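First residue of the sequence shown: 1, per this note's numbering; consecutive thereafter.
We treat Cβ as the ideally placed atom computed from N, Cα and C, and that holds for glycine.
Please read all numbers here as calculations on a predicted model, not as lab measurements.
Report on one structure; see the data block that follows.
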Amino acid sequence: MEEKILIIGSGGREYSLGKKFIEDPRVQKIYFFPGNGATEEIGENIVFRNDGEIIKFVQDYCIDFVIIGPEKPLVSGLSDILREAGIKVFGPSKKAALLEGSKAFMKDFVSRFNVPTAAYLKTSDFEKACEFIDKLSLPIVVKADGLCAGKGVIIALSYAEAKSCVDEMLCGKSFGEAGKCVVIEEFLEGYELSVFALCDGEEYVLLPVAQDHKRLLSGDRGPNTGGMGAYAPTPLCDEILKQKIKDRIIEPTLKGMLKENNPFSGVLFAGIMVVKNEPYLLEYNVRFGDPECEVLMPLLKTPLLDLCYAVMEHSLSDIKVEFFDEYCVGIVLVSKDYPYKNSQPQAIYIKNFDSSIGHLSFGGVVKKNNELLATGGRVLLGIGKGKTLSEARKNAYSLVEKIHFNGMGYRDDIGLKVLEH
Ligand code: AMP
Ligand code: GLY
Numbered sequence: 001m002e003e004k005i006l007i008i009g010s011g012g013r014e015y016s017l018g019k020k021f022i023e024d025p026r027v028q029k030i031y032f033f034p035g036n037g038a039t040e041e042i043g044e045n046i047v048f049r050n051d052g053e054i055i056k057f058v059q060d061y062c063i064d065f066v067i068i069g070p071e072k073p074l075v076s077g078l079s080d081i082l083r084e085a086g087i088k089v090f091g092p093s094k095k096a097a098l099l100e101g102s103k104a105f106m107k108d109f110v111s112r113f114n115v116p117t118a119a120y121l122k123t124s125d126f127e128k129a130c131e132f133i134d135k136l137s138l139p140i141v142v143k144a145d146g147l148c149a150g151k152g153v154i155i156a157l158s159y160a161e162a163k164s165c166v167d168e169m170l171c172g173k174s175f176g177e178a179g180k181c182v183v184i185e186e187f188l189e190g191y192e193l194s195v196f197a198l199c200d201g202e203e204y205v206l207l208p209v210a211q212d213h214k215r216l217l218s219g220d221r222g223p224n225t226g227g228m229g230a231y232a233p234t235p236l237c238d239e240i241l242k243q244k245i246k247d248r249i250i251e252p253t254l255k256g257m258l259k260e261n262n263p264f265s266g267v268l269f270a271g272i273m274v275v276k277n278e279p280y281l282l283e284y285n286v287r288f289g290d291p292e293c294e295v296l297m298p299l300l301k302t303p304l305l306d307l308c309y310a311v312m313e314h315s316l317s318d319i320k321v322e323f324f325d326e327y328c329v330g331i332v333l334v335s336k337d338y339p340y341k342n343s344q345p346q347a348i349y350i351k352n353f354d355s356s357i358g359h360l361s362f363g364g365v366v367k368k369n370n371e372l373l374a375t376g377g378r379v380l381l382g383i384g385k386g387k388t389l390s391e392a393r394k395n396a397y398s399l400v401e402k403i404h405f406n407g408m409g410y411r412d413d414i415g416l417k418v419l420e421h
């Protein structure tokens with residue numbers, strides 16, 4: 001077996017998938033489209049101008065399969081286009097990707113199968129939206145239906161704010177087409193979990209449950225981001241809660257998708273809010289989370305390659321999936337103006353560190369004259385491993401101390417709250 005794999009995407013998530021694959025002696029080469037400055041060090045970056053070029057490349061270079069990292073190509077149907085050309089793909093179909101691509105589809109779908117989720121109204125009618133808003137208590141959650149690069153969710157603190165958000169979404173001002181239908185939801189108060197299920201259409205396997213830290217600043221302050229750090233497994237999800245999540249959320253979803261002739265294959269990522277020990281589904285994503293992926297990959301004992309084939313060949317029930325009995329903590333280092341805009345490229349200085357405590361994962365970087373430059377957004381992560389969560393956390397922060405670039409920012413409390421409990 002000399003596997004050649006094409007990974008679509010350019011973030012830390014894709015870097016961490018590539019890193020995991022390349023550690024497997026059966027993997028010969030990884031290609032990234034478009035990749036980033038650091039993925040060049042573990043594989044080769046390629047640029048394609050259209051889907052036809054991807055297909056030609058995969059055929060000419062005998063690529064064994066393609067794995068699609070981000071939501072955008074999944075929602076726009078790249079996996080179907082590749083499959084129709086006879087290419088093996090890890091990632092859901094366009095129709096199944098609607099679980100992430102349309103919040104209205106997702107809410108209607110899970111309601112049909114009695115999955116616990118926040119009470120909601122889906123509408124394109126301003127008057128109906130206002131009527132529903134008046135019935136809710138504050139704060140009120142307003143979501144644009146379509147993909148908005150993680151920005152389409154507003155937590156409105158007053159009725160007037162909720163109505164004006166709806167108005168701006170419906171008229172296309174705030175999120176264009178994605179906001180022409182809105183979902184208005186009751187606000188759920190609790191703590192969040194990131195739950196990942198590898199699914200082959202019928203069977204599924206849960207990965208260790210992770211927790212992300214969405215707000216920019218320590219103490220859960222500042223604006224929402226794509227994620228400032230994650231850790232897994234979280235002690236906040238015991239076996240009883242995990243069973244509830246399987247029974248009430250993951251299983252009815254997969255069965256429902258199958259029943260509606262829309263089987264889900266790939267990674268189903270459930271954003272869960274736990275309210276008084278009961279799980280509620282906040283959102284579905286149809287891909288690995290970033291930064292969750294970076295802390296989950298090191299915990300996989302079963303090779304990622306075997307998991308991908310089991311998903312693509314509908315044989316998950318035939319393999320035993322094992323995880324290392326360890327914890328992993330990932331701290332995201334962001335550039336100066338994240339999440340508002342990209343910053344000027346900055347040199348990244350990395351001091352030597354002991355690789356037994358963890359590693360680095362790279363996202364917003366380019367390579368110029370053989371040097372890595374931070375180009376904005378979520379630049380890189382320090383990933384610490386340990387036998388306990390506190391050891392993994394200590395290791396992750398000791399890696400972060402070895403890194404410097406101008407304008408660098410990070411949270412100092414990733415994985416802290418749970419340790420203090
Ligand atoms: P989403 O993109 O749907 O995951 O929403 C982004 C973030 O908004 C979530 O991670 C939650 O922190 C928050 N959120 C979304 N829906 C709700 C809700 N119904 N109640 C409370 N917080 C929510
Ligand atoms: N970390 C959350 C996400 O990838 O959407």
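Sorted by chain position, which residues of the same chain lie with C-beta nearer than 7 Å to residue i's C-beta, five sequence neighbours on each side aside?
i       : result
Ile-154 : Val-142, Cys-165
Asp-290 : Gly-11, Gly-12, Arg-13, Gly-226, Gly-227
Phe-323 : Pro-208, Leu-299, Leu-300, Lys-301
Pro-92  : Leu-74, Ser-79, Phe-264, Ser-265, Gly-266, Val-286
Phe-353 : Leu-399, Lys-402
Measuring from the CB of residue i, is there a heavy atom of the ligand AMP at a distance below 6 Å?
i       : result
Leu-53  : A small correction: the amino acid at residue 53 is Glu; Leu does not occupy that position in the sequence shown. Every heavy atom of the ligand AMP is 6 Å or more from the Cβ of Glu-53, so no.
Ala-96  : no
Val-141 : yes
Ala-118 : yes
Glu-161 : no
Phe-175 : no
Phe-132 : no
Phe-113 : no
Glu-44  : no
Glu-71  : no
Val-110 : no
Val-275 : no
Gly-271 : yes
Val-153 : yes
Glu-283 : yes
Glu-185 : yes
Leu-399 : no
What separation, rounded to the nearest whole angstrom, lies between the Cα atoms of residue i and residue j?
i       : j       : result
Lys-246 : Val-195 : 10 Å
Gly-222 : Gln-28  : 43 Å
Lys-95  : Pro-70  : 16 Å
Leu-416 : Ile-55  : 45 Å
Gly-172 : Tyr-349 : 43 Å
Ile-67  : Arg-83  : 12 Å
Val-329 : Asp-125 : 44 Å
Pro-34  : Phe-48  : 8 Å
Ile-331 : Pro-339 : 16 Å
Pro-233 : Asp-24  : 23 Å
Glu-433 : Lys-276 : Because the chain is modelled from 1 through 421, residue 433 falls outside the range shown and cannot be assessed.
Met-169 : Ile-383 : 38 Å
Ser-76  : Leu-98  : 9 Å
Ile-357 : Leu-138 : 45 Å
Val-295 : Met-106 : 27 Å
His-404 : Leu-307 : 36 Å
Ala-119 : Glu-239 : 27 Å
Gly-201 : Leu-236 : 28 Å
Ser-158 : Asp-167 : 14 Å
With a CB to CB cut of under 8 Å and the five nearest residues on each side skipped, what residues in its chain are close to residue i?
i       : result
Glu-278 : Pro-116, Lys-244
Ile-42  : Tyr-15, Gly-18, Lys-19, Ile-22, Ile-30
Thr-123 : Ala-129, Phe-132, Cys-181, Val-182, Ile-184
List the DSSP bridge partners of residue i.
i       : result
Ser-265 : Asp-200
Gln-346 : Ala-374
Ile-7   : Phe-32, Ile-67
Pro-279 : Val-274
Thr-123 : Val-182
His-359 : Ile-383
Gln-211 : Tyr-231
Lys-367 : Leu-372
His-404 : Tyr-349
Arg-221 : Leu-217
Val-334 : Arg-378, Gly-409
Ile-140 : Ala-156, Glu-186
Leu-300 : Phe-323
Please go through the same chain and pick out, in chain order, the residues whose beta-carbon is closer than 6 Å to the beta-carbon of residue i, but skip the five residues on each side of it.
i       : result
Leu-206 : Ala-197
Glu-127 : none
Asp-145 : Ser-102, Lys-103, Ala-104, Cys-181
His-359 : Ile-383
Gly-150 : Gly-226
Is residue i near the ligand GLY, in the sense that its beta carbon is under 6 Å from a heavy atom of that ligand?
i       : result
Asp-290 : yes
Asp-212 : yes
Gly-35  : no
Gly-227 : yes
Cβ of residue i within 6 Å of any heavy atom in the ligand ADP?
i       : result
Thr-302 : Only the ligand AMP and the ligand GLY can be found as ligands here, which leaves the ligand ADP out of the picture.
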